[in-house]
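A short worksheet on the structure shown next.
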Amino acid sequence: MAIIDDVKSIISKSLKIPAERLTADARLDELGAESLDVIEIIFALEEKFNISIPFKADESPQRSLAGKNGGDEIQISTVGALVDVVNKLVEAKVPR
Amino acid sequence: MNRVVVTGIGVVSPIGSTREKFWSGLIAARSGIGPISVASADRLTTRIAAQVLDFDPSQHFDPKRENLLDRFSQFAVVAARAAVRDAELDITEEMALQAATIVGNAAGGQNSVDESYFKLYGQNSPRVHPLTIPRWMINAAVSQVSMDLGIKGPTYTIASACASGTHAIGHAFQLVRTGQAPIALAGGTESCLTVGTIKCWEALRVLSADTCRPFSKTRSGLVLGEGAAMVVLETRERAVARGAPIYAELLGFGMSADAGDIIAIDSDGAARAMRAALVDAHVNPEDVDYVNAHGTGTALNDRSETVALRKAFGASAERLAVSSSKGVLGHGLGAAGAFEFAATALALHTQTIPPTANFEEVDPDCDLDFVPNVARNATIQNAMSSSFAFGGLNAVLVLSRA
Numbered sequence: 001m002a003i004i005d006d007v008k009s010i011i012s013k014s015l016k017i018p019a020e021r022l023t024a025d026a027r028l029d030e031l032g033a034e035s036l037d038v039i040e041i042i043f044a045l046e047e048k049f050n051i052s053i054p055f056k057a058d059e060s061p062q063r064s065l066a067g068k069n070g071g072d073e074i075q076i077s078t079v080g081a082l083v084d085v086v087n088k089l090v091e092a093k094v095p096r
Numbered sequence: 001m002n003r004v005v006v007t008g009i010g011v012v013s014p015i016g017s018t019r020e021k022f023w024s025g026l027i028a029a030r031s032g033i034g035p036i037s038v039a040s041a042d043r044l045t046t047r048i049a050a051q052v053l054d055f056d057p058s059q060h061f062d063p064k065r066e067n068l069l070d071r072f073s074q075f076a077v078v079a080a081r082a083a084v085r086d087a088e089l090d091i092t093e094e095m096a097l098q099a100a101t102i103v104g105n106a107a108g109g110q111n112s113v114d115e116s117y118f119k120l121y122g123q124n125s126p127r128v129h130p131l132t133i134p135r136w137m138i139n140a141a142v143s144q145v146s147m148d149l150g151i152k153g154p155t156y157t158i159a160s161a162c163a164s165g166t167h168a169i170g171h172a173f174q175l176v177r178t179g180q181a182p183i184a185l186a187g188g189t190e191s192c193l194t195v196g197t198i199k200c201w202e203a204l205r206v207l208s209a210d211t212c213r214p215f216s217k218t219r220s221g222l223v224l225g226e227g228a229a230m231v232v233l234e235t236r237e238r239a240v241a242r243g244a245p246i247y248a249e250l251l252g253f254g255m256s257a258d259a260g261d262i263i264a265i266d267s268d269g270a271a272r273a274m275r276a277a278l279v280d281a282h283v284n285p286e287d288v289d290y291v292n293a294h295g296t297g298t299a300l301n302d303r304s305e306t307v308a309l310r311k312a313f314g315a316s317a318e319r320l321a322v323s324s325s326k327g328v329l330g331h332g333l334g335a336a337g338a339f340e341f342a343a344t345a346l347a348l349h350t351q352t353i354p355p356t357a358n359f360e361e362v363d364p365d366c367d368l369d370f371v372p373n374v375a376r377n378a379t380i381q382n383a384m385s386s387s388f389a390f391g392g393l394n395a396v397l398v399l400s401r402a
């Protein structure tokens, strides 16, 4: 499916890691992502899919966010989790 | 008090990004002013600028680093590396802990600001690049220099508009002279040639439509420039002990504020800074041979600066050689003072006075020896480099032959 490939491509480009290594349970920090890498990946995903990912850089990626806006807490510690977040946000954009 | 010397010079300039190209361009009065090349230039009236056209950041930074640095920081880092190389300086861990880095800058990361604001206002984008702030902040350049070279002592930015580079070198001089830092890297950087910034300069109505002709009766305004210059300052003792190349000795630093007009130079304030620098240097006015002037090419600056030189030097103004480098370099704003300090040090080193480029006609209001268009061999024992900024902030350095 397209979204997972796009997410992997963005992470792969940012971290200079072949997309094949980006398995669903691969952790971003273990892949070498530093805080600036994470915000750049998030930015690239937002630009690509025209979504807004509720993530704050001064919170742990494992327990980030959204609770404040009344939404569910998101977590983006792994490639798979990030793909899920993007999937949900893209889905939410489609008019019912 | 330590004696302080200049042992390294690094530049990124509109006339080339090596010390050799910089100096040969200044001596030949080869102007770096040319047709402007910026995004959305059709929105501008201005058709000219002194741009750094041969700078390829990918030759100096890996993509990840490059992505973090606005062009004004890239210039500063490349000039700083060149200065350290030029000084044949090996920065040891012990030295790094005490060494100072001071960078002058006027406008911050305007390229990054412009890009983000264009997305926001021009393209109605809901988001801007996440690294806009770390690229934009006015201390980004000095922080990147410190990170790049591992310098961990006193490190900060000085913002005094067009005097920033001179103030930065002056403060670094004081740190080395008093022993607070054994060595200092100092200078200035600027890169604000974006359509937004240039439009604001146009609104102020001080830009020339054709070129920059300092002190010439036909002068028509200033021309915006960009680039960076960094120098290595260290104690004379250390420089001699390690057999370093010595370009010049830095003798004095003078500062003043006009407390008057936000734009117009005040000849009293400028003259006070010059006199303060001479006093600090223990040099008599009659013992100065060359002044690298601020000389922006605006009607008012050049006239008032002439008056200021007469006030500071009295009768000995008649025997002074005075030149402005802005006909060649344009106005480098935060980099200008550093460019001109480098030019003054090289004038002392080579015993050659760089000319005032684009000089066409004598102005009765600017009646000093402005070394028009042709470089001059001369015996230069002491020289001065002066900067008079918007906001009425003045900074002047006095150097001598090493």
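Taken in order, these protein sequences are the chains called A and B. Sequence positions in the first sequence follow my numbering and run 1 to 96. Sequence positions in the second sequence follow my numbering and run 1 to 402. Think of the CB as a built atom: it goes at the ideal place given N, C-alpha and C, for glycine as much as any other residue.
> From the DSSP output, which residues share a beta bridge with B:His331?
Replying inline: In the second sequence, the residue the question calls residue 331 of chain B occupies position 331. DSSP lists B:Leu224 as partners of B:His331.
> Distance, Cα to Cα, A:Arg63 vs B:Ala100?
Replying inline: For the purposes of this step, residue 63 of chain A is taken as the residue at position 63 of the first sequence. For the purposes of this step, residue 100 of chain B is taken as the residue at position 100 of the second sequence. Any reading at A:Arg63 is ruled out, since the residue's pLDDT is 49, under 50, leaving its predicted position unreliable.
>> Can you find the residues in the same chain that come closer than 6 Å, C-beta to C-beta, to B:Val113, ignoring five residues on each side of it along the sequence?
In response: If you number the second sequence from 1, residue 113 of chain B lands on position 113. Cβ within range, chain order: Trp136.
>> Please identify the residue among B:Ala335, B:Glu88, B:Cys162 whose C-alpha is closest to the C-alpha of B:Glu234.
In response: Taking the first residue of the second sequence as position 1, residue 234 of chain B is located at position 234. For B:Glu234, the nearest C-alpha among the options comes from B:Glu88.
> Which value, in whole angstroms, describes the spacing of the CA atoms of B:Gly210 and B:Pro57?
Replying inline: The residue given as residue 210 of chain B occupies position 210 in the second sequence. The residue given as residue 57 of chain B occupies position 57 in the second sequence. Checking the displayed sequence, the identity of residue 210 of chain B turns out to be Asp instead of Gly. About 29 Å.
> Hey, which unbroken runs of the alpha helix (DSSP H) at 4 residues or more fall wholly within the region 1 to 31 of chain A?
Replying inline: 2 to 15
> The alpha helix (DSSP H) with B:Phe72 in it runs from where to where?
Replying inline: Within the second sequence, numbered from 1, the residue matching residue 72 of chain B stands at position 72. Per DSSP, B:Phe72 belongs to the alpha helix (DSSP H) from 71 to 86.
>> For chain A, check one thing: does any of its Cβ atoms lie closer than 8 Å to the Cβ of B:Leu131?
In response: Position 131 of the second sequence, counted from the start, is the residue given in the question as residue 131 of chain B. Yes - at least one Cβ of chain A is within 8 Å of the one on B:Leu131.
>> Between which residues of its own chain and B:Ile263 is the CB-CB distance below 7 Å, once the five residues before and five after are set aside?
In response: For this step, residue 263 of chain B is matched to residue 263 along the second sequence. So the qualifying residues of the chain are Phe390.
> Out of B:Ile138, B:Asp148, B:Leu368, B:Asn284, which has the shortest C-alpha to C-alpha gap to B:Leu251?
Replying inline: The count along the second sequence starts at 1 and reaches residue 251 of chain B at position 251. With distances taken between Cα atoms, B:Leu251 lies closest to B:Asn284.
> If you measure from the beta carbon of A:Ile39 to each beta carbon in chain B, is any gap under 8 Å?
Replying inline: In the first sequence, residue 39 of chain A corresponds to position 39, counting from 1. Judged by the 8 Å Cβ criterion, A:Ile39 is in contact with chain B.
> Who are the Cβ neighbours of A:Asn87 in its own chain at under 6 Å, not counting the five residues just before and after it?
Replying inline: Within the first sequence, the letter at position 87 stands for residue 87 of chain A. If we look at A:Asn87 and ignore the five residues flanking it on each side, its Cβ neighbours are Ile3.
> If we ignore side chains and look at the alpha-carbon of each, how far apart do B:Pro408 and B:Phe341 end up?
Replying inline: No information on residue 408 of chain B is available, as it lies outside the stretch 1 to 402 that chain B covers here.
> For the candidate residues B:Thr344, B:Ser323, B:Ile380, B:Arg376, whose alpha-carbon lies nearest to that of B:Ala357?
Replying inline: Along the second sequence, read from residue 1 onward, the residue named residue 357 of chain B stands at position 357. When only C-alpha atoms are compared, the closest one is B:Ser323.
> Going along chain A, which residues have a C-beta under 9 Å from B:Arg127?
Replying inline: Indexing the second sequence from 1 puts residue 127 of chain B at position 127. Those are Phe43, Glu46, Glu47, Ser52, listed as they occur along chain A.
> Could you give the distance in angstroms between the alpha-carbon of B:Ser400 and the alpha-carbon of B:Ala41?
Replying inline: For the purposes of this step, residue 400 of chain B is identified with residue 400 of the second sequence, where counting begins at 1. For the purposes of this step, residue 41 of chain B is identified with residue 41 of the second sequence, where counting begins at 1. Rounded to whole angstroms, B:Ser400 to B:Ala41 spans 43 Å at the Cα level.
> Alpha carbon to alpha carbon, how far is A:Asp29 from A:Ser77?
Replying inline: Mapped onto the first sequence, residue 29 of chain A falls at position 29. Mapped onto the first sequence, residue 77 of chain A falls at position 77. Cα-Cα distance, rounded: 7 Å.
> When the Cα of B:Ile33 is compared with those of B:Met274, B:Leu207, B:Leu368, which residue comes out closest?
Replying inline: Translated into positions along the second sequence, residue 33 of chain B becomes position 33. Of the candidates B:Met274, B:Leu207, B:Leu368, the one whose C-alpha sits nearest the C-alpha of B:Ile33 is B:Leu207.
>> Comparing C-alpha positions only, which one of B:His282, B:Cys200, B:Ile380, B:Ala281 sits nearest to B:Thr45?
In response: For the purposes of this step, residue 45 of chain B is taken as the residue at position 45 of the second sequence. Measuring from the Cα of B:Thr45, the nearest candidate turns out to be B:Cys200.
> chain B beta carbons: is any one of them nearer than 8 Å to that of A:Gln36?
Replying inline: Taking the first residue of the first sequence as 1, we reach residue 36 of chain A at position 36. Sequence check: residue 36 of chain A is Leu here, not Gln. A:Leu36 counts as touching chain B.
> A:Arg27 to B:Arg65, Cα distance in whole Å?
Replying inline: If you number the first sequence from 1, residue 27 of chain A lands on position 27. If you number the second sequence from 1, residue 65 of chain B lands on position 65. When rounded, the distance between both Cα atoms is 23 Å.
> What does DSSP give as the partner residues of B:Ala257 in its beta bridges?
Replying inline: The residue given as residue 257 of chain B occupies position 257 in the second sequence. Looking at the DSSP assignment, B:Ala257 forms a beta bridge with B:Leu393.
> Got a sec? Which residues, its chain only, sit under 7 Å from B:Phe173 by beta carbon, not counting five neighbours each side?
Replying inline: One-based indexing of the second sequence puts residue 173 of chain B at position 173. Val4, Leu233, Leu250, Phe253, listed in sequence order.
>> Assuming B:Thr18 is part of the alpha helix (DSSP H), what are its boundary residues?
In response: Taking the first residue of the second sequence as 1, we reach residue 18 of chain B at position 18. Neither: B:Thr18 is in no alpha helix (DSSP H) and is coded neither H nor E.
> How would you call B:Gly225, buried or exposed, if buried means at least 16 neighbouring beta carbons within 10 angstroms?
Replying inline: Mapped onto the second sequence, residue 225 of chain B falls at position 225. B:Gly225 comes out buried.
>> Suppose you measure from the CA of A:Glu20 to the CA of A:Gly32; what does that come to, to the nearest Å?
In response: The count along the first sequence starts at 1 and reaches residue 20 of chain A at position 20. The count along the first sequence starts at 1 and reaches residue 32 of chain A at position 32. For A:Glu20 and A:Gly32, the distance between alpha carbons rounds to 16 Å.
> If you compare alpha carbons, which of B:Ala277, B:Glu305, B:Ala343 is closest to B:Leu397?
Replying inline: Here the question's residue 397 of chain B lines up with position 397 in the second sequence. Answer by Cα proximity: B:Ala277.
>> Which residue marks the beginning of the beta strand (DSSP E) containing B:Ile265, and which one marks its end?
In response: Along the second sequence, read from residue 1 onward, the residue named residue 265 of chain B stands at position 265. Unbroken run through B:Ile265: none, as it is neither H nor E.
> In this structure, what does DSSP give as the bridge partners for B:Asn292?
Replying inline: For the purposes of this step, residue 292 of chain B is taken as the residue at position 292 of the second sequence. Looking at the DSSP assignment, B:Asn292 forms a beta bridge with B:Ser323, B:Ser385.
> What's the C-alpha gap between B:Leu300 and A:Ala57?
Replying inline: Numbered from its first residue, the second sequence carries residue 300 of chain B at position 300. Numbered from its first residue, the first sequence carries residue 57 of chain A at position 57. Those two C-alpha atoms are separated by around 50 Å.
> With which residues is B:Met230 paired in a DSSP beta bridge?
Replying inline: Start at 1 with the first residue of the second sequence, and residue 230 of chain B comes out as number 230. B:Met230 is bridged to B:Gly10, B:Gly187.
> Expressed to the nearest angstrom, what Euclidean distance is found between the alpha-carbon atoms of B:Ser385 and B:Ala79?
Replying inline: Sequence index remark: in the second sequence, residue 385 of chain B carries index 385 (1-based). Sequence index remark: in the second sequence, residue 79 of chain B carries index 79 (1-based). Going by the C-alpha atoms only, they are around 20 Å apart.
> How is B:Val4 classed by DSSP in three states: helix, strand or coil?
Replying inline: Position 4 of the second sequence, counting from 1, holds the residue named residue 4 of chain B. Of the three classes helix, strand and coil, the one that applies to B:Val4 here is strand, per DSSP.
>> Buried or exposed, going by whether 16 or more other CB atoms sit within 10 Å of the CB of B:Lys326?
In response: Within the second sequence, the letter at position 326 stands for residue 326 of chain B. Looking at its Cβ environment, which holds 16 or more other Cβ atoms inside 10 Å, B:Lys326 is buried.
> From what residue to what residue does the alpha helix (DSSP H) around B:Gly337 run?
Replying inline: Taking the first residue of the second sequence as position 1, residue 337 of chain B is located at position 337. Looking at the DSSP string, the run of the alpha helix (DSSP H) that includes B:Gly337 is 336 to 350.
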